Structures are given as C-alpha cells and as structure tokens.
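Enquirer: Sharing a structure with you now.
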Amino acid sequence: MDKTFQPADIETRWYQEWESRGYFKPQGGDNAYSIMIPPPNVTGSLHMGHGFQETIMDALIRYHRMRGDNTLWQAGTDHAGIATQMIVERQLEAQGINRHELGRDKFIDKVWEWKEQSGGHITRQLRRLGASLDWSRERFTMDEGLSAAVQEVFIRLYREGLIYRGKRLVNWDPALHTAVSDLEVLSEEEQGHLWHFNYPLASGEGHLTVATTRPETMLGDTAVAVHPEDERYAHLVGQTIALPLTGREIPIIADDYVDREFGTGCVKITPAHDFNDYEMGKRHGLPMINILDDDAVINDQAPEAYRGLERFEARKQVVADLEALGLVDKIEPHTLKVPRGDRSGVVIEPYLTDQWYVDAKTLAGPAIEAVEKGDIQFVPKQWENTYHAWMRDIQDWCISRQLWWGHRIPAWYDEAGTVYVGDSEAAVRAEHGLADDVVLRQDEDVLDTWFSSALWTFSTLGWPEQTEELATFHPSSVLVTGFDIIFFWVARMIMMTLHFRDEVPFHTVYVHGLVRDAEGQKMSKSKGNVLDPIDLIDGIDLEALVSKRTTGMMQPQLAAKIEKATRQQFPEGIAAYGTDALRFTYYSLASTGRDIRFDIGRIEGFRNFCNKIWNAARYVMMNCENEDCGADGAEVELSLADRWIIGELQRTEAAVARAVEHYRFDHASQALYEFIWNEYCDWYLELSKPVLWDDKASAAAKRGTRRTLIRVLETSLRLLHPFMPFITEEIWQSVAPLAGKSGPTIMLQPYPVSDDKGVDSAVNADIEWLKGVIVGVRNIRGEMNIPPGKALTVLFRNGGESDKNRLEQNAASLKKLAKLEDIRWLADGEEPPVAATALVGDLEILVPMADLIDRDAELKRLAREIDKLEKDLSRIEGKLQNPSFVDKAPEAVVAKERDKLQAQQQALVKLREQEQRIAEM
1 MDKTFQPADI ETRWYQEWES RGYFKPQGGD NAYSIMIPPP NVTGSLHMGH
51 GFQETIMDAL IRYHRMRGDN TLWQAGTDHA GIATQMIVER QLEAQGINRH
101 ELGRDKFIDK VWEWKEQSGG HITRQLRRLG ASLDWSRERF TMDEGLSAAV
151 QEVFIRLYRE GLIYRGKRLV NWDPALHTAV SDLEVLSEEE QGHLWHFNYP
201 LASGEGHLTV ATTRPETMLG DTAVAVHPED ERYAHLVGQT IALPLTGREI
251 PIIADDYVDR EFGTGCVKIT PAHDFNDYEM GKRHGLPMIN ILDDDAVIND
301 QAPEAYRGLE RFEARKQVVA DLEALGLVDK IEPHTLKVPR GDRSGVVIEP
351 YLTDQWYVDA KTLAGPAIEA VEKGDIQFVP KQWENTYHAW MRDIQDWCIS
401 RQLWWGHRIP AWYDEAGTVY VGDSEAAVRA EHGLADDVVL RQDEDVLDTW
451 FSSALWTFST LGWPEQTEEL ATFHPSSVLV TGFDIIFFWV ARMIMMTLHF
501 RDEVPFHTVY VHGLVRDAEG QKMSKSKGNV LDPIDLIDGI DLEALVSKRT
551 TGMMQPQLAA KIEKATRQQF PEGIAAYGTD ALRFTYYSLA STGRDIRFDI
601 GRIEGFRNFC NKIWNAARYV MMNCENEDCG ADGAEVELSL ADRWIIGELQ
651 RTEAAVARAV EHYRFDHASQ ALYEFIWNEY CDWYLELSKP VLWDDKASAA
701 AKRGTRRTLI RVLETSLRLL HPFMPFITEE IWQSVAPLAG KSGPTIMLQP
751 YPVSDDKGVD SAVNADIEWL KGVIVGVRNI RGEMNIPPGK ALTVLFRNGG
801 ESDKNRLEQN AASLKKLAKL EDIRWLADGE EPPVAATALV GDLEILVPMA
851 DLIDRDAELK RLAREIDKLE KDLSRIEGKL QNPSFVDKAP EAVVAKERDK
901 LQAQQQALVK LREQEQRIAE M
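Here the sequence shown stands for residues 1 to 921, numbered as in full-length UniProt numbering.
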C-alpha cells in the first residue's frame, strides 16, 4: 500500500473496473431488491441535492447487493422538454437559425444530435460519485420502448374517458408559449403596488372600491364579489357595476370566498386570468373573457384602445385612463409574490386555453387507499399527511405542452374539429373508416414530461410487454426522493401504476430533506452559496470558483458581492476531498425528513477519517503480512483486547443493520465512525502493540492478535463499503488474502451480519477500566505539561478487589501504553505524596509530582498563558458589546465570535484551576 491515501488515483480506476466487469447488474438470488432512479434531466448537472439523493440510493443498493439480494438499480434520464428545447433553440439562434424556419422534423433531428453529443454529462457525474447503477439497462424517456408505453397509456386513458380536451386556466409562459407545471413556477416576493379603483354602480348611486395588483386584468372583469354576510354590501347584491373603460355592466355577487376583513371587502372577479376567480366564475356561471394572446399582448376581446399593447404597457395605460376619469382611489406600495417561469424568468400568466387533461380525481381514489392500507409507506410517516392532503383536493392534471420536443400527442383532427385518437394516422383512418380525401391534422402539442415519468417504474422494465424483468423487479422496493415532488411525481406514479398494473410502484417512499448551506439558507446561484459535488471531490482553485459562481449574473453589483463572499469563504479555493469523504458527509447528515445544513468542516473531518483508515490498514499490513495470522488453523490465544474488539464489531454490525432498516443513515455512519476511529484505530491498535512487540508473548497470543487485527479490519471494510466504496475496495484487495477471503471485488462479498455471540459484558467492563486508567494518566500529563516520553510512577488507592485483579491482569499493557515506570498500591494508612489525581470509579490514580516539574517555572508559564487569554477575552467581549458589530455583521460571524468567547472562558477556568493545584504543591 502507498504511504498516503490519494483518492484521485483509485476512484476512476475502480469505477471503470466495476462497470466493465458487469458488477452493477443483477447477480441473481432469491429476494429481488430494486430502485428506480428518479430520472435526472438530460440537460442537468449534478447539484448537492442530487449528490445527497444518489448516495442514499447507492448505499441501499450496495448494502442489499452484499446481502445476497437480486439487486437492480435502474438507470435513466428524463428528456426535459422545456429545458432541452431551450438549449437547442439558443444554439440554433446563435447560428442565425429559427426553429420555425427549420421545421418540426428537422428541429427534432437537431435535438437528438445534441442529446447524443452533450446529453450524458450528468450520467458521467453520477459515475464520479460512485453510483453503482446498472448502466447496461439505461433508459431515456424518449427512447423507443418508453415512447410506445406513453402512447399506449394515453390511448387507453382516452378510451376509458379519463383523458379529455378542454378549455381551462393554466400557468402560461408568454416567452416559451407553453403551459407549465406549478413546479416550473418560482414565486418570490417582489416590490409592487396595490391599486384601489372606484367602480361606479350602474344605477349612478355611488361606487364600490376594489383593489388589484394587476390593473390590466380589469378589462376582463365579469363581476364584483362581496361576502354574503357583509352588512355593508348586502343591499347591493344583484345590482350591477358600470365597468370603467369597457362599456360593459357586470353583476355584484355574494360568495363565501371573499374575506370581508381584507381591504374594502370587495373583490374584482376576472375568471379568465386568476385561478381563484376561475373557480368562483364556474360557481356563478360568469362569462370568461380572455383579454390576452399567447404573447401576453391585449387581444380583440378588450376595448380597441388597448389592443396590441403588451400587458405591462396596458397596465400603465389603464391606470392613466382611470386617473383621468377620477376613479383611482389610491395607490399603495405592496409586497407580493410574483410567479416567474424557472426557465424563462418572465412573469407567468393564468391563461385560458385548450389543453389536454387527465381525470386525476378518479385515479386518485385507489392511490389514496394504497397508502391508507399500508401497501405504500412513507418515511418519515408524517409525509403521508401531505400526500393525503394533496390527493383529496386533487385537480385534473394538465398534460399538454406547446412544445416540439417531447411525446407528441397521438390525436388527429378533421376539418370540422372532430378528435380521433390512435397509434397513427393510418390506424385512426382504419378504425373510423375515414376516406383518403378526409384531411387530418395531428395535434401539435406534446405531453408534459411528468406524464412519461409517471410510468417510470414499469415502463423501464419493458411494459406493456410482460417481461421477465417486470415480473422480477416490480413493484420496486423503495423510492428515494425529495418532498417537493411528492405530488408532481410520486403521487402520479402511484396513480398510473395502480391503474395499469393493479399493483403499487414501490413499497416505501423515503423522503429526504433539502440540502442547505451551513447557515441553513437554501442554495442558489444568486446567493453565491452553491457548492458543486464534483468540486468537493476533485477540488477547484479560487479563480475558477469565482468565475463559476459569477458567470451569468445579470447584475454587476450582485456578481461583485458574490465574488467578495467567495474570496472570503474560500481564500485558497476548495481542496480535493475525494468521493468517499463527500459521501460519508452526506450520510452523517441524513436524519429522516429534516433539511440538511452542509458544513464544509464536516467533509474535512471525514477526509481525515479516510486517512485514519488508510494508516490503520498500513499498520495492520506491516504487522501481519508474511507473518503467521492463524489462517491454517494453528492454535490461537485471544487477549482481553482481542475479545473486546470482536464484541464491539458484533455490536456495530447490529447497529448498522438497524439503522439501514429504518433509513437512519446518520446513525449508521455514526456507528461506523465510532467503531473504526475510536475503538479499532485509537484503542485496539494500541492495545495490540504490547502483544506484538513483547518478546515474552507466546506464539499463540501473537497469532491471536494478528488474526484479530486482520479479520476485524477485513470485516470492517465490508461493513463500510456501501458508504465508502472506493477506499474499502482498494484496501480490501490487500487485506482479503491475509484474512482468508477471495474474490475479484469487495462489492460482491457477503455483508457482515451480527450474531451477538461475541459481546461479553465482563470483557467490556475490563477494557473500559483499562481505558479509564490510561486516559486518566494521559490527562494528568497534559494538564501538568509532563512530556509524553517521560516514564511515570503511578500510585493506586481506594480501589476494590476488581481493580486489583484488573491491574494484575493488565499491568504490562498499562506500563507500555501509559508510559509507566512503576505501578503500586498505597498501603493502608500510608500518607500520599503531593500528586495529581484522576478517578476511575472508586479507584484513585495518583501521579507524584516530585522531580516531574519545576514548580516556579510552571507557575510562570501558566501566568503568561492566563494573561494572554485574558487579553483575548477582553478583545472579544469588546467586539460583542459593540452594537455596530452585532447589528451589522452577518449572523454567522457574530455566532462564531460568541462561540469563541465561550471556549476561551472555559479554557481560562481550566488554566486557573491548574495554577491553583500547582501552587498548593
């Protein structure tokens, strides 16, 4: 083994070996275990949320593969309709080519070209993360098989009356000219205005005052609503308003939706341009006047004076005209949530258009029942409440998009507008007996990408064909996903799978939290706090990181702010931590359901963990290679430490199994870390030295310790492998032969299972006593500034028979590990010398101070340290008492200073206690 652990040297090499040899494919076995990857967008790149999610799935897959299950992790990507079309359109525009001039078919060809050349970026990044997906079965939501499944589902749902075409309100992106899902709409607070308009009563006897944040929509108002129990307006219900600027009269209606405490208690109703107004419009049978075209320009349904105006220009004109009429009551500054398209950045309009819909309410019934019966379980369980709340109030699902890239809707129209749905135009003509001279036009729209991904668990396994893979791996075992797509994806998969397969798509839904920065803020490019998992693995220099974070920033001031923050946070860039350290950081944070604060300090700690494992393995190899490790069945003698570490290993195996079973990856990683770092590396390796280095130790004892060293290490590597695949594979290749193991890879070795037989409470108690004495002596050395190489005399008193027995059995180990010259018990009545003390239970440990330290010199040294610490404390206290610092500095900076103050105060208390002890000698 090399002297130092260099992750970059082994990660790519091992991943290529694993993939090329087919180790990620199902290996057979009685129990099937499968996970379908939430298909990342083909346009995407790995972000922290992806990284977290994929490492969770990979740990589960590697764990079950090693448990002997027939394991499949299905690979695949989503065609990402809007995102992919935007990328290719921009590339064509840079060449002076418009997609409409190119034509649909040629444009689609260009998209496929892009997909083949650039669409594999995120799958390469997944490999870099160590994700052991079965790439031989990789699917794409637009591949031939999945396209056939999508078409089959659409046609069947249409014939069952569960898909229909209708005019309803949708989220409309005026830049992209398509309906978009709620998930593609980002609503963030912006500063705007609230306009109060006086609407005259048609009778001429007064007016009602309404408030709006979108004045231009008043051109499409079809009512004014009040609460039915609002005494101020009860007498006006049924009368009409002379709607300004339009020449129309609209009714005053009563509806419970109106909040009579908000504003004037009067609400303008524009059913074609507001989702809540749309529902009220349906309840009251109001006309729905759409005043916009696809570009959000005022259309011919509005008064002539406003036609052709862009919506925000129309807003200015409407306000000016109402002011001229004296109908503007007041204009107030107002903070409101503005919906913008996540791709285009433009304001989204509620827009009345013809779209295709799925009758989701009918499909939701069985999906609700499946969760209620426990056929599907959510982890954490409280997400079931969210699921049920959405499903019981579900609206019909808009599945059409006005794009060219995607699954084109298999519907054709004749000149009279009659709709025909089928596999192809030829099939439609044959089914309906349409003559060749009947002109048919295929629907221009494509299906929402969520429609094809709703079929993901079974379409990827070959449905509608009844394949062997479908019979083996469906339903899948678990879905690992974020809470934000429970409705958009999880619920729709459940609905579709139950309807077409009459079975659930998965048995468990593990819902993980959002990965935030160290201060708990959501990661976003505009905040400059985004971390790239690949940068954490491979490292990135400061200038490259600054460029990465500021490129594309529209506002120079924001870019400058992000650059400054980046240079302060990472003055030397980001170090290379390696994949294993990043993965283990994710696991350590993976408590169920909570959002995750990613602190880069943690990954530094786990890189040190990798180094610790590497160095421990080198120690074991140096002491066991070419030595008798008891592999041939020769007699072995196990020491107290050998028996203890074997028991601790058994306990850890059980703890990890419990944690994985309950999806507590934080508990699993904690158990592994504590055992490997604290118990095995820090204690057992030290406890092995007195046996291995003692010329008087028997050959059987040395064999026993070597065998324990190598077997516990080899087992620990298998135990750790699902979480840290690369370092465990590299070390295992050297260690396995010495432990009597053989095989081409650790990932196909059996996962350790605890039988609890090795746990011995008496052995544990003896070792804890031994550790307590060693730690006590070491603490005295540290507190009294005694050199670690100085051999000490130690006195014991007040202990019981068990302490005496333990000392007799462990004296040799104590002397070597604590660097002791002599150990003796104080006789009854013997006066103890001036000594520093420590306690282990009732046992008092005394280290006589005579001749160990220069009392006066030590007091002077302590005085200097105390003086320095007091000055530091004074400076920190002054800073924290300064209002300009506390109020203006970032919260994280202030918190750091407070933590520093507390640590310095504690250190000062300890120094003063030490000073007093030495002064009393």
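All C-beta atoms, glycine included, are put in the ideal place defined by N, C-alpha and C.
Just so it is clear, the structure is predicted and the values come from calculations on it, not from any experiment.
Tell me whether the beta-carbon of M288 lies closer than 8 Å to the beta-carbon of A272.
Expert: Reading the sequence shown from its first residue, position 288 is the one you call residue 288. Reading the sequence shown from its first residue, position 272 is the one you call residue 272. Closer than 8 Å, so yes.
Enquirer: Contact between the segment 72 to 82 and the segment 29 to 47: three or more CB pairs below 8 Å?
Expert: The answer is yes - the segment 29 to 47 touches the segment 72 to 82, with three or more Cβ pairs under 8 Å.
Enquirer: Measure how close the beta-carbons of L846 and L795 come, nearest whole angstrom, since I'm counting them as under 8 Å.
Expert: Taking the first residue of the sequence shown as 1, we reach residue 846 at position 846. Taking the first residue of the sequence shown as 1, we reach residue 795 at position 795. The pair is a contact, with the Cβ atoms about 4 Å apart (cut-off 8 Å).
Enquirer: Taking the beta strand (DSSP E) that P848 falls in, what are its first and last residues?
Expert: In the sequence shown, the residue the question calls residue 848 occupies position 848. Residues L843 to P848.
Enquirer: Relative to the C-alpha of S203, which residue among Q239, E19 and F140 is closest?
Expert: For the purposes of this step, residue 203 is taken as residue 203 along the sequence shown, with counting starting at 1. Ranking Q239, E19 and F140 by Cα distance to S203 puts Q239 first.
Enquirer: Report all residues from its chain with a CB closer than 7 Å to the CB of L455; omit the five preceding and five following residues, and keep chain order.
Expert: Taking the first residue of the sequence shown as 1, we reach residue 455 at position 455. Result list for L455: A149, V150, V153 and M496, in chain order.
Enquirer: Looking at the secondary structure, which residues open and close the alpha helix (DSSP H) in which H64 lies?
Expert: As a first step, residue 64 is located in the sequence shown; it is residue number 64 there, counting from the start. From DSSP, the alpha helix (DSSP H) with H64 extends over M48 to M66.
Enquirer: DSSP on Q377, reduced to helix/strand/coil?
Expert: Residue 377 sits at position 377 when you count from the first residue of the sequence shown. Strand.
Enquirer: What does the Cβ neighbour count give for A791, buried or exposed, with the cut at 16 atoms within 10 Å?
Expert: By 1-based counting over the sequence shown, the position of residue 791 is 791. Exposed is the call here.
Enquirer: Looking only at C-alpha atoms, which of M622, Q916 and E877 sits nearest to D899?
Expert: Counting from 1 along the sequence shown, the entry for residue 899 is found at position 899. Ranking M622, Q916 and E877 by Cα distance to D899 puts E877 first.
Enquirer: Please report the straight-line C-alpha distance between Q85 and W405, rounded to a whole angstrom.
Expert: As a first step, residue 85 must be located in the sequence shown, where it is residue number 85. As a first step, residue 405 must be located in the sequence shown, where it is residue number 405. So the alpha carbons of these two residues sit roughly 6 Å apart.
Enquirer: Around the C-beta of V210, are 16 or more other C-beta atoms found within 10 angstroms, so that it is buried, or is it exposed?
Expert: Here residue 210 refers to the residue found at position 210 when the sequence shown is read from its first residue. When all chains shown are included, V210 counts as buried.
Enquirer: Distance, Cα to Cα, Y164 vs D359?
Expert: Stepping through the sequence shown from its first residue, residue 164 is reached at position 164. Stepping through the sequence shown from its first residue, residue 359 is reached at position 359. So the alpha carbons of these two residues sit roughly 8 Å apart.
Enquirer: Can you tell me whether D856 is buried or exposed? The criterion is at least 16 other CB atoms within 10 Å of its CB, across all chains shown.
Expert: Locating residue 856 in the sequence shown gives position 856, where the first residue counts as 1. It is exposed - the Cβ of D856 has fewer than 16 other Cβ atoms within 10 Å.
Enquirer: Under 8 Å by Cβ, that's how I've got M280 and Y257 pegged, so tell me the actual separation to the nearest angstrom.
Expert: By 1-based counting over the sequence shown, the position of residue 280 is 280. By 1-based counting over the sequence shown, the position of residue 257 is 257. Confirmed, about 6 Å.
Enquirer: Pull up the distance between the alpha-carbon of D443 and that of D541, whole angstroms please.
Expert: Start at 1 with the first residue of the sequence shown, and residue 443 comes out as number 443. Start at 1 with the first residue of the sequence shown, and residue 541 comes out as number 541. One C-alpha to the other measures close to 51 Å.
Enquirer: Near G220, which residues of its chain fall below 6 Å by C-beta distance, leaving aside the five closest residues on each side in sequence?
Expert: Looking up residue 220 in the sequence shown gives position 220. So the list reads T270, A272, H273, I289 and I291, once near-sequence residues are dropped.
Enquirer: Return the chain-ordered list of same chain residues with a C-beta closer than 6 Å to the C-beta of F665, the five sequence neighbours on each side being excluded.
Expert: Sequence index remark: in the sequence shown, residue 665 carries index 665 (1-based). Y587 and A590, listed in sequence order.
Enquirer: Look at the alpha carbon of T178 and the alpha carbon of A225, and state the distance between them as a whole number of angstroms.
Expert: Numbered from 1 along the sequence shown, position 178 holds the residue referred to as residue 178. Numbered from 1 along the sequence shown, position 225 holds the residue referred to as residue 225. Rounded to whole angstroms, T178 to A225 spans 31 Å at the Cα level.
Enquirer: How many Å lie between L133 and F24 at the Cα?
Expert: The residue given as residue 133 occupies position 133 in the sequence shown. The residue given as residue 24 occupies position 24 in the sequence shown. So the two alpha carbons sit approximately 6 Å from each other.
Enquirer: In chain order, what residues of the same chain lie with their CB nearer than 8 Å to the CB of A812, ignoring the 5 residues before and after it?
Expert: Along the sequence shown, one-based indexing puts residue 812 at 812. Around A812: P690 and D694.
Enquirer: Beta-carbon within less than 6 Å of A175's beta-carbon, same chain only, minus the 5 sequence neighbours each way: which residues are those?
Expert: Taking the first residue of the sequence shown as position 1, residue 175 is located at position 175. The answer, listed in chain order, is S344 and V346.
Enquirer: Mind checking G578: buried by the 16 CB within 10 Å criterion, or exposed?
Expert: Mapped onto the sequence shown, residue 578 falls at position 578. Buried, because 16 or more other Cβ atoms sit within 10 Å of the Cβ of G578.
Enquirer: E469 to T715, Cα distance in whole Å?
Expert: In the sequence shown, residue 469 corresponds to position 469, counting from 1. In the sequence shown, residue 715 corresponds to position 715, counting from 1. Taking the straight line from one Cα to the other gives about 33 Å.
Enquirer: Straight-line CA distance for S181 to Y680?
Expert: For the purposes of this step, residue 181 is taken as the residue at position 181 of the sequence shown. For the purposes of this step, residue 680 is taken as the residue at position 680 of the sequence shown. About 53 Å.
Enquirer: Please list the terminal residues of the continuous alpha helix (DSSP H) segment that includes F796.
Expert: For the purposes of this step, residue 796 is taken as residue 796 along the sequence shown, with counting starting at 1. No alpha helix (DSSP H) holds F796; the beta strand (DSSP E) holding it covers L792 to R797.
Enquirer: Mapping DSSP to helix, strand and coil, what is H407?
Expert: The residue you call residue 407 lines up with position 407 of the sequence shown. If DSSP states are grouped into helix, strand and coil, H407 belongs with coil.
Enquirer: Closest by CA to T4, which one among Y619, I331, T481 and H284?
Expert: The count along the sequence shown starts at 1 and reaches residue 4 at position 4. It is Y619.
Enquirer: Inspect the beta-carbon positions of E431 and G417 and report whether they are closer than 8 Å.
Expert: Within the sequence shown, residue 431 is the residue found at index 431, counting from 1. Within the sequence shown, residue 417 is the residue found at index 417, counting from 1. For E431 and G417, no; Cβs fall outside 8 Å.
Enquirer: Do you know whose CA, among M747, S698 and K702, lies nearest P722's CA?
Expert: The residue given as residue 722 occupies position 722 in the sequence shown. It is M747.
Enquirer: Going by beta-carbon coordinates alone, are H803 and L640 separated by less than 8 Å?
Expert: Here residue 803 refers to the residue found at position 803 of the sequence shown. Here residue 640 refers to the residue found at position 640 of the sequence shown. Per the sequence shown, residue 803 should be read as Asp rather than His. Cβ distance not < 8 Å, so D803 and L640 don't count as in contact.
Enquirer: Taking its Cβ as the centre, do 16 or more other Cβ atoms sit within 10 Å of D580, making it buried, or is it exposed?
Expert: Position 580 of the sequence shown, counted from the start, is the residue given in the question as residue 580. That one is buried.
Enquirer: Could you tell me the alpha carbon to alpha carbon distance between L814 and L709, rounded to whole angstroms?
Expert: Locating residue 814 in the sequence shown gives position 814, where the first residue counts as 1. Locating residue 709 in the sequence shown gives position 709, where the first residue counts as 1. Going by the C-alpha atoms only, they are around 20 Å apart.
Enquirer: According to DSSP, is C681 part of a helix, a strand, or is it coil?
Expert: As a position in the sequence shown, residue 681 is number 681, starting the count at 1. Note: C681 maps to helix in three-state DSSP.
Enquirer: Taking only three categories from DSSP, how would you classify F197?
Expert: Taking the sequence shown and counting its residues from 1, the one referred to as residue 197 is at position 197. Strand at F197.
Enquirer: May I ask you to report which of helix, strand or coil DSSP gives D354?
Expert: What you label residue 354 is simply residue 354 of the sequence shown in a count that begins at 1. Here D354 sits in strand by DSSP.
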